[in-house]
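In order, the protein sequence lines correspond to chains E and L.
For the first sequence, the residue numbers in my numbering are 8 to 316.
For the second sequence, the residue numbers in my numbering are 179 to 477.
Cβ atoms here follow ideal geometry from the backbone N, Cα and C, with glycine treated the same way.
Computed from a prediction, not measured in an experiment: that's the story for all the values here.
To keep things clear, I will list the structure first and then write my remarks on it.
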Amino acid sequence: MGGDRRTALEFRAALVALAIAALVPAFVENAYWLGVLVVSMYFAILAGAWNLLAGYTGQFSLAPAAFAMMGAYATGLLGNNTGLPPLVTIPFAILATGAIGLALGRVVLRLSGPYLALTTLSFAEIMRLVASNSINVTRGDLGLPVTGLFQNRIGWYYLFLGTLALLLVLLYFLLRSRAGLFLQAIRDDEVAAARSGVDVVFWKTVAFALSSAACGLSGALYAHFAELVTPDLGTVGQTGLVVSMTVIGGMGTLVGPVVGAFLVYLVSEWLRDVGGYQLIVFSLLVIAFARFFRSGLWGIVTGLRRQPA
Amino acid sequence: MTGALAVDLAVNGLITGLFYALMAIGLSLIFGILRVVNFAHGEFYMVGAYAYTLIALALGVPAFIALPCAFLFGAFVGWLTERTLMRPLYAGYTSWGLMRDEYAVIVTFGLSLLLVNLVDKTIGPYAYRGPTLIDVSRIAIGPILISGHKLLAAGLAILIIGATAALMRWSFWGRQIRAVAQNRLGASLAGIDTAKASGLVFALSGWLAATAGALLSPVINASPDVGAFPAIKSYVIVVLGGMGSVPGSIIASLAIGVIESFGAVYGSYDYRDTFGLVLLILFLLFRPQGLFGERGREV
């Protein structure tokens, strides 16, 4: 099957990218750049999770950053109020965001295209406003202090890398399975998929729940890494970054969001030093990629490979 | 006492609603003609506020000359958006094939980020306060006190909304736009230039959003991200009023303005911005065609 071969190739490319990332700490000892790479991996998980929903299932949610924020608050609030260790609170955050994702997925089932984007955007904004206004619970815009986990950056680096690799492997097997075919069938033609016996309601909800849980996990890890949770984690701008990374890397491919996240975040850190033009550059790139290169950087790379033949 | 307060809240809510209507009509027209949501609509508003404020302050021209310049600039930005980014949706040269909704979301979302950050970098992140149209600070109309600028701005808004509604209803171009919104293929077979109609709709909605921004600029203190909330409000309104329906948008705008105005006093001030959003989710669940929308069926 062509699709399976394509996915396998993307999977290998993603593993190569992660293997390169695993070697980086041998050469980079600067704590600042290691931190930048950790944040890139935080975004890579979000982009991968959003890609499962938008790229593979065709459900264009605009709430990935809000789910990361909720995951971060879930682990932070539970840990601070009960004193439970992160080993307990992070799985709780995954379950909580997964459950919220399940509920949101049920709510937006009948919506598509612009309606879906609007509803998820409103949901994200409501959640951010609630987090920022519930000052006696979340301390509002001051931010919620959260306990740390590791003393040094290397530990965080490999924890994030391991999580990213694990999620990537899980995603690969999901896509290889019948479930992956169902999701892509829903993306390509929902009516035809339903007529062919795909339980559209069930699989769309599953995709929402899985994607939200992955975002929640990433946000929960980030909370313990940054040791502070603020409502800023859930802004539309953050979702914009996630969308940019996926679109630039290649939507609907395994490797695209991962490579896109590293590229976009590293370049954005570099541009920040040059004068803060990062978001101008990325928004231009997003428009250009959406307009001319639908399959992103990965599509350009594979296109070049195919050209000589 | 509560009677006077209620009147005051109602009037202020209705005035706020007028500015929501300026935003929502444009968004609704765009949805009607291209079936896409413009996620950069708040940035048209922001551009209008900046154009008015900067032309008036930097060039030192009187406010009533800067105002039409801001309108024209908004119309130009709208037209340019259509020409460069929206045309692929129907001219058949997008690489996205059938995923036109997704293309539109990504492109307008990107445009929104671009405009916000472009203004942030070129003009600066500081807030600018726009000049008022007239310098009368308090006018008493019966029991209500209102600033001269607000009264004049509300009057202008009513005038422009009325003119737009009349234009859409009776003019040659308005009829062409409505024809394209009803059936693009049929309209083009009847000899209507659909591309021109789409361009016109974008220019008109850029104009309207810029009008709202410019008229409100003495109140809102223009900053690069000032468009986010009005935009989200107008998404809510357009869904409530029924996407593509101009009268629906106007009524829903006024309703939201009044609901927020009362809700902020009698409900919760901190959560005033969430009322509309909660209403939106409820509507999408139980009445997705909106108050006045017709339930469409695609074949």
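With a minimum length of 4 residues, the unbroken runs of alpha helix (DSSP H) contained wholly in the region 222–306 of chain E fall at 243–256, 262–281 and 285–299. For residue 47 of chain E, the closest C-alpha among the options E/167, E/179 and E/196 is that of E/167.
A distance below 8 angstroms between beta-carbons, with the five flanking residues on each side excluded, links residue 297 of chain L to the following residues of its chain, in chain order: 224, 225, 228 and 402.
Contact with chain L is absent for residue 184 of chain E, since none of that chain's Cβ atoms lies less than 8 angstroms from the residue's Cβ. For residue 190 of chain L, no chain E residue has a C-beta closer than 7 angstroms to its own C-beta; the minimum C-beta separation is roughly 22 angstroms. Within its own chain, the residues whose Cβ lies closer than 8 angstroms to the Cβ of residue 351 of chain L, once the five positions on either side in sequence are excluded, are 345, 375 and 378, listed in chain order. Judged by DSSP secondary structure, residue 302 of chain L falls outside any alpha helix (DSSP H); it is assigned neither H nor E. One finds nothing in chain L with a Cβ atom closer than 7 angstroms to the Cβ of residue 276 of chain E; even the nearest lies about 16 angstroms away. In the assembly as shown, residue 310 of chain E is an exposed residue. Its beta-carbon has fewer than 16 other beta-carbons within 10 Å. Distance from residue 69 of chain E to residue 127 of chain E at the Cβ level is roughly 5 angstroms; contact confirmed, criterion being Cβ atoms closer than 8 angstroms. Judged by beta-carbon spacing, residue 416 of chain L lies beyond the 8 angstroms limit of residue 254 of chain L, meaning their Cβ atoms are not closer than that value. CA-CA distance, residue 236 of chain E to residue 203 of chain E, rounds to 45 angstroms. A contact between stretches requires three or more CB pairs, one per stretch, nearer than 8 angstroms, and the region 229–243 of chain L fails this requirement with the region 446–462 of chain L. Residue pairing by DSSP places residue 152 of chain E opposite E/235 in a beta bridge. The C-alpha of residue 212 of chain E lies about 6 angstroms from the C-alpha of residue 113 of chain E. Under the DSSP assignment, residue 180 of chain E falls in the alpha helix (DSSP H) whose first and last residues are 160–183. If you look at residue 449 of chain L, you'll find it isn't in any alpha helix (DSSP H); DSSP assigns it neither H nor E. Here the region 356–367 of chain L makes no contact with the region 181–192 of chain L; the two share fewer than three CB pairs at distances below 8 angstroms. Burial is judged here by how many other beta carbons sit within 10 angstroms of a residue's own beta carbon; residue 285 of chain E has at least 16 and is buried.
Nearest in C-alpha terms to residue 268 of chain E, of all of E/25, E/19 and E/15, is E/25. Scanning E/155, E/224 and E/135 for the CA closest to the CA of residue 242 of chain E turns up E/135. In this chain, the alpha helix (DSSP H) harbouring residue 393 of chain L covers 372–398.
Within the region 121–139 of chain E, those residues whose Cβ lies closer than 8 angstroms to any Cβ of chain L are, in chain order, 121, 122, 124, 125, 126, 128, 129, 130, 132, 133, 136 and 137.
One thing to note: residue 96 of chain E has its Cβ within 8 angstroms of the Cβ of residue 82 of chain E. Around the beta carbon of residue 446 of chain L, fewer than 16 other beta carbons lie within 10 angstroms, which makes this residue exposed. Under the Cβ criterion of 8 angstroms, residue 80 of chain E is not counted among the residues facing chain L. Residue pairing by DSSP places residue 317 of chain L opposite L/324 in a beta bridge. For residue 205 of chain E, same chain residues with a beta-carbon under 7 angstroms away, outside a window of 5 residues either side, are 189, 192 and 193 in chain order. For the options E/234, E/224, E/11 and E/40, the alpha carbon positioned closest to that of residue 103 of chain E is the one of E/224. Residue 278 of chain E is positioned such that its CB atom lies no closer than 8 angstroms to that of residue 255 of chain E. Interface annotation, residue 114 of chain E: in contact with chain L, CB-CB separation under 8 angstroms. Residue 408 of chain L and residue 89 of chain E have their alpha carbons spaced roughly 40 angstroms apart.
According to the DSSP assignment, residue 352 of chain L belongs to the alpha helix (DSSP H) that extends over 350–360. Taking C-beta atoms as the reference points, residue 423 of chain L and residue 205 of chain L fail to come closer than 8 angstroms. Relative to residue 324 of chain L, the option among L/357, L/463, L/188 and L/464 whose CA is nearest is L/188.
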